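See below for the structure under consideration.
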Amino acid sequence: MSYVTSVDPTESLMFLAHFVGDIHQPLHCGNANDLGGNTIKLNWYEKQSNLHKVWDVNVIETALNEFYNDDRNTMIEAIKLNITDEWCNEEKQWQACRRPTKTCADKYAMESAQLACKAYKGVEQNTTLEDDYLFAALPVVHKRIAQGGVRLAAILNKIFSANRRLQRS
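Add 1062 to a position in the sequence shown, counting from 1, and you land on the number used in the working numbering.
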């Protein structure tokens, strides 16, 4: 008996993009005891938050406001420019996954887990995180967004090239 009657390609793509993005967020691979920073209550500048939300939302929103004039496209362009400039020697390694039928999700998770260790540094319950933390976290966030995007594109290229080969057979 089959429970799956049809697959919605749009929904599948949304889930894939979400999962690839999540695995690149360091606190998603953080300490299980504090639910990836969710139980560490703190202030992000003057707003109540938690460490997980700082990495999921607050760093990006603050950067958008402070450095990109609330223009998401400008932020995206800056990240793309770093891919072709500052990170150009790394980009090929990001998309490389030698496993023909799998992603390298375990590799991406290990990278995030290592970054999560740094994300916890100097953070305690009820602390206030401000500019110093933002300036340390933002380059990591930018790079993880870039890595996630490059890797998602590589996964999609692999899926669609396999589909084309199947259709030709």
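Built from N, CA and C at the ideal position, the CB exists for glycine as well.
Computed from a predicted model, the values in this text were never measured in an experiment.
Would you say residue 1126 and residue 1132 are within 8 Å of each other, going by their C-beta atoms?
yes
Assuming residue 1208 contacts residue 1145 under a Cβ cut-off of 8 Å, what Cβ separation, rounded to an integer in Å, is found between them?
Between residue 1208 and residue 1145, the beta carbon gap of about 5 Å places them in contact (Cβ cut-off 8 Å).
With H, G and I counted as helix, E and B as strand and the rest as coil, what does DSSP make of residue 1220?
helix
Give me, in chain order, the residues of the same chain whose beta-carbon lies closer than 6 Å to that of residue 1210; leave out the 5 immediate sequence neighbours on both sides.
1082, 1083, 1086
Below 8 Å on the Cβ atoms is my guess for residue 1092 versus residue 1158; work out the distance and round it to an integer in Å.
Actually they do not touch by this definition, with Cβ atoms about 26 Å apart.
In angstroms, rounded to a whole number, what distance separates the CA positions of residue 1153 and residue 1189?
36 Å
Would you list the residues sitting across from residue 1106 in a DSSP beta bridge?
Answer is 1109, 1191.
Measuring straight from C-alpha to C-alpha, what distance separates residue 1078 and residue 1219?
13 Å
Alpha carbons only, please: which of 1221, 1175, 1070, 1183 is nearest the one belonging to residue 1089?
1175
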